[in-house]
Amino acid sequence: MAGLEHRQIRYAVESELQIVDVWELPKSERTAAATSDRYWFIYVHGGAWRDPRCLTDTAVPAINRLLAEDSPYMSRRRIAGFASIGYRLSPHPEFPQDPKTTPLEKLRAAKHPDHIDDVRTGLAALAREGLSAAGSPADYIAHDRYIVYGHSCGAFLAFQLWMGNLGDKTLPCVVGLEGIYDLRGLVERGGNPAHGGGPRTGFASALEAIAEGAFGRDRGLWDTASPGQYDFSTLAKATKPRLALVAYSDEDELVDGGEMDTMEKTLQQGVAKSNGQLRYVGLRDLHGRHDEVHEDGREVARVLTEAVRQLDRLS
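Under the numbering used here, the first residue of the sequence shown carries the number 259, and numbering increases by one thereafter.
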């Protein structure tokens, strides 16, 4: 892949999905974070917390777009490397498993907070990787030169990294694309009527099954877990403002625009109360259906380029 070196970090042993895929520049191109304007880009995949077809390799299309010789996006010299964090999945009705015969490491039986616990553990493992090596993931994470970005439920998980007592308050930038942010709102609206959704529709029932499959039936727990219901003004002080960027395509047939509305309002309230500690950018000009955004990679590459541009303005 465009001259990158690939390897895998296994951060736990309960599941074969508890891995971090890492794509690094050749050693000759690596530079120490302390004197660099590069970033590590760390991805959290989507798939509704349950889809075994949507895993860490869904980061690859955007990586290829960014590193193409004719790339219209950020220069290669702004890139230190890429990582994609895998996590345990919840059961999927279209891919049933028999718990009695399925090996434990292959069993998809996760429930909240398993997913976010895994993402936190994977990020922590990455933060230890090559701790003393210039240009390593740990080097860049230690110097706050990294961006965590997620698609769909991956955006939900990425923003959860900022939440609660276990939240990584120093994480400098979170990017969400076609994100789920508010479970209760998502289920109550039932999806976009233009795509067969709406309250009390079959689509609404499918969304409810997704939420209950990953989080259970307690709506109060849904609210507590949802980034769209969080007070982001509680982020601790840092040496420079953190950046939250959310992006959405009106062509999305699975996640309705109400999720973007909710997260924008939440982040705007957080910015207003954060005393300059949080900055927010919203993009509503993406093109493509829900999965097309990550499968094609162009829009992900464009959004990450914009995130770097915005971070440059904060430096």
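All C-beta atoms, glycine included, are put in the ideal place defined by N, C-alpha and C. Computed from a predicted model, the values in this text were never measured in an experiment.
Worksheet entry | Contacting residues, own chain, Cβ-Cβ under 6 angstroms from L525 (five flanking each side not counted) | One-based indexing of the sequence shown puts residue 525 at position 267. Counting only Cβ-Cβ distances below 6 angstroms, and skipping sequence neighbours, we find A502 and Y538.
Worksheet entry | Between the CA atoms of T379 and D372 - distance to the nearest angstrom | Taking the first residue of the sequence shown as 1, we reach residue 372 at position 114. Taking the first residue of the sequence shown as 1, we reach residue 379 at position 121. The straight-line gap from Cα to Cα measures roughly 10 angstroms.
Fill in: Three-pair Cβ contact test at 8 angstroms for the segment 357-372 versus the segment 385-405
With contact defined as three or more Cβ pairs closer than 8 angstroms, the segment 357-372 and the segment 385-405 are not in contact.
Practice prompt. Identify the continuous alpha helix (DSSP H) that holds F490 and give its terminal residues.
Written response: Working through the sequence shown from its first residue, we reach residue 490 at position 232. Per DSSP, F490 belongs to no alpha helix (DSSP H) and is neither H nor E.
Worksheet entry | Range covered by the alpha helix (DSSP H) that runs through C431 | Reading the sequence shown from its first residue, position 173 is the one you call residue 431. Run containing C431: none in the alpha helix (DSSP H); it sits in the beta strand (DSSP E), C431 to L435.
Fill in: DSSP state of W307 mapped onto helix, strand, coil
As a working mapping, residue 307 is identified with position 49 in the sequence shown. Secondary structure at W307: coil, using DSSP grouped into helix, strand and coil.
Discussion item. So within the segment 459-538, which uninterrupted beta strand (DSSP E) runs reach at least 3 residues, ignoring any that extend past its ends?
Written reply: Segments of the beta strand (DSSP E) lying fully in the segment 459-538: 500-507.
Worksheet item: Cβ of K364 within 8 angstroms of Cβ of E272?
Response: Mapped onto the sequence shown, residue 364 falls at position 106. Mapped onto the sequence shown, residue 272 falls at position 14. No, they are not a contact pair.
Item to complete: Decide yes or no for the touch test of the segment 503-522 against the segment 475-483: beta carbon pairs closer than 8 angstroms, at least 3 of them.
Response: Put simply, the segment 503-522 does not touch the segment 475-483. Fewer than three CB pairs are less than 8 angstroms apart.
Fill in: Ordered list of beta strand (DSSP E) runs contained in the segment 366-432, each at least 3 residues
Within the segment 366-432, the complete beta strand (DSSP E) segments at least 3 residues long are 404-409, listed from N- to C-terminus.
Discussion item. For L266, count the other beta carbons within 10 Å of its own beta carbon; 16 or more makes it buried, fewer makes it exposed. Which is it?
Written reply: Here residue 266 refers to the residue found at position 8 of the sequence shown. At residue 266 the sequence reads Gln, which differs from the Leu that was named. Counting Cβ neighbours within 10 Å, Q266 comes out exposed, since fewer than 16 surround it.
Discussion item. Tell me which residue opens and which closes the alpha helix (DSSP H) that Q568 is part of.
Written reply: The residue given as residue 568 occupies position 310 in the sequence shown. Segment R556 to L572, the alpha helix (DSSP H) holding Q568.
Worksheet item: Considering only C-alpha positions, which residue in the set G528, W298, S491 and F473 is nearest to R243?
Response: Outside the displayed span of the chain (259 to 573) sits residue 243, for which this structure offers no information.
Discussion item. I'd like the list of long-range same chain contacts for H545, defined as Cβ closer than 7 angstroms, with 5 residues on each side in sequence excluded.
Written reply: Translated into positions along the sequence shown, residue 545 becomes position 287. Within the same chain, H545 has close Cβ partners S507, E509 and E557.
Item to complete: Ignoring anything shorter than 4 residues or poking outside the segment 330-362, list the alpha helix (DSSP H) runs there in chain order.
Response: For the segment 330-362, there is no continuous alpha helix (DSSP H) assignment of 4+ residues that stays within its boundaries.
Worksheet item: DSSP on L544, reduced to helix/strand/coil?
Response: Translated into positions along the sequence shown, residue 544 becomes position 286. DSSP places L544 in the strand class (E or B) of the three-state scheme.
Practice prompt. Go ahead and pull the three-state DSSP assignment for I438.
Written response: Numbered from 1 along the sequence shown, position 180 holds the residue referred to as residue 438. Coil, per DSSP.
Worksheet item: Taking the continuous beta strand (DSSP E) assigned at V318, which residues delimit it?
Response: What you label residue 318 is simply residue 60 of the sequence shown in a count that begins at 1. For V318, there is no enclosing beta strand (DSSP E); the enclosing alpha helix (DSSP H) covers residues V318 to L325.
Worksheet entry | Within 8 angstroms, strictly: CB atoms of L435 and A400 | Taking the sequence shown and counting its residues from 1, the one referred to as residue 435 is at position 177. Taking the sequence shown and counting its residues from 1, the one referred to as residue 400 is at position 142. It is not a contact, given that the beta carbons lie outside the stated cut-off.
Worksheet item: Who does Y297 pair with in a DSSP beta bridge?
Response: Reading the sequence shown from its first residue, position 39 is the one you call residue 297. Under DSSP, Y297 shares a beta bridge with I337.
Worksheet item: Is DSSP giving E263 helix, strand or coil here?
Response: In the sequence shown, residue 263 corresponds to position 5, counting from 1. Note: E263 maps to strand in three-state DSSP.
Worksheet item: Name the DSSP beta bridge partners of D279, please?
Response: For the purposes of this step, residue 279 is taken as residue 21 along the sequence shown, with counting starting at 1. D279 pairs with Q266 and S342.
Worksheet item: If we ignore side chains and look at the alpha-carbon of each, how far apart do P330 and L324 end up?
Response: The residue you call residue 330 lines up with position 72 of the sequence shown. The residue you call residue 324 lines up with position 66 of the sequence shown. The straight-line gap from Cα to Cα measures roughly 8 angstroms.
Worksheet item: Is DSSP giving V551 helix, strand or coil here?
Response: As a first step, residue 551 must be located in the sequence shown, where it is residue number 293. V551: helix per DSSP, three-state reduction.
Worksheet item: In three-state terms, what does DSSP make of V302?
Response: Counting from one through the sequence shown, the residue named residue 302 turns up at place 44. It is a strand residue.
Fill in: Classification of P354 by the beta-carbon crowding that lies within 10 angstroms, buried from 16 upward
Your numbering for residue 354 matches position 96 in the sequence shown. When all chains shown are included, P354 counts as exposed.
Worksheet entry | 8 angstroms contact criterion, which A383 and V302 should meet: CB distance rounded | By one-based count along the sequence shown, residue 383 stands at place 125. By one-based count along the sequence shown, residue 302 stands at place 44. That pair is no contact at about 14 angstroms.
Worksheet item: If you run the structure through DSSP and keep just helix, strand and coil, what is G449?
Response: Locating residue 449 in the sequence shown gives position 191, where the first residue counts as 1. Coil at G449, not helix or strand.
Discussion item. If contact is defined by three or more beta carbon pairs under 8 angstroms, each pair taking one atom from either stretch, is the segment 294-301 in contact with the segment 336-348?
Written reply: The answer is yes - the segment 294-301 touches the segment 336-348, with three or more Cβ pairs under 8 angstroms.
Worksheet item: Between Y407, E517, D402 and R311, which lies nearest to P430 when the distance is taken from Cα to Cα?
Response: Taking the first residue of the sequence shown as 1, we reach residue 430 at position 172. Comparing Cα-Cα distances from P430 to each of Y407, E517, D402 and R311, the minimum goes to D402.
Worksheet item: Is DSSP giving A291 helix, strand or coil here?
Response: One-based indexing of the sequence shown puts residue 291 at position 33. If DSSP states are grouped into helix, strand and coil, A291 belongs with the helices.
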